[in-house]
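Read the structure below first, then the notes.
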Amino acid sequence: AGQADAREQAAQLAALAASFREAVSAVEHDLASELAQLALDIAQQVVRQHVKHDPAALVAAVRDVLAAEPALSGAPHLAVNPADLPVVEAYLQDDLETLGWNVRTDASIERGGCRAHAATGEVDATLPTRWQRVAAAIGKVSTW
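This is how it looks when you write it as structure tokens:
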């Protein structure tokens with residue numbers, strides 16, 4: 007009878023330990039998800055401030071568009087926010103002209119982003135689209 011009781015108690019303890027492991031695992035998963043969301047929220051605010059205080063932040067996005075493969079061709083043009091036009095002209099005008107690109111303004115594009123159009127396609131490098139790609143890369147859905 008003593009051994010049977012001991013086995014029963016051992017089985018109960020094993021079940022309790024398994025239940026505890028499952029609970030800890032669930033908490034860890036939830037915590038990791040919440041931390042990832044918090045990191046996204048913080049990063050979003052940092053990006054907003056960076057774009058707001060450093061208009062040249064657009065330069066890297068435009069350079070990425072210009073380097074995109076396959077290259078856009080057939081009357082390519084770059085659309086930027088009107089407030090970003092002076093930045094594009096100051097930092098990128100020579101490159102754009104050399105590559106045969108025209109620049110247009112589009113007030114619907116938030117500062118810091120751009121869109122490229124050509125006969126062969128389009129590249130959306132607006133902040134909301136770039137942000138959604140970052141979030142998706144870590145398995146999250148996050149709107150700008």
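According to our numbering, the residues represented by the sequence shown are 7 to 150, in order.
Yeah, the Cβ is synthetic: ideal placement off N, Cα and C, and Gly gets one too.
C-alpha gap between residue i and residue j, whole angstroms
| i | j | result |
| --- | --- | --- |
| residue 76 | residue 56 | 29 Å |
| residue 90 | residue 127 | 23 Å |
| residue 80 | residue 65 | 22 Å |
| residue 54 | residue 109 | 24 Å |
| residue 74 | residue 25 | 51 Å |
| residue 121 | residue 40 | 32 Å |
| residue 83 | residue 123 | 5 Å |
| residue 15 | residue 21 | 10 Å |
Three-state secondary structure (DSSP) of residue i
| i | result |
| --- | --- |
| residue 131 | strand |
| residue 147 | coil |
| residue 20 | helix |
| residue 110 | strand |
| residue 121 | strand |
| residue 84 | strand |
| residue 74 | coil |
Residue environment, residue i, which counts as buried when at least 16 other CB atoms sit within 10 Å
| i | result |
| --- | --- |
| residue 19 | exposed |
| residue 92 | exposed |
| residue 68 | buried |
Nearest neighbour of residue i, chosen from the options [CA to CA]
| i | options | result |
| --- | --- | --- |
| residue 62 | 149, 87, 47 and 28 | 87 |
| residue 150 | 125, 123 and 137 | 137 |
| residue 106 | 10, 32, 47 and 72 | 72 |
| residue 111 | 95, 145 and 10 | 95 |
| the segment 112-121 / the segment 96-103 touching (three or more Cβ pairs under 8 Å) | no
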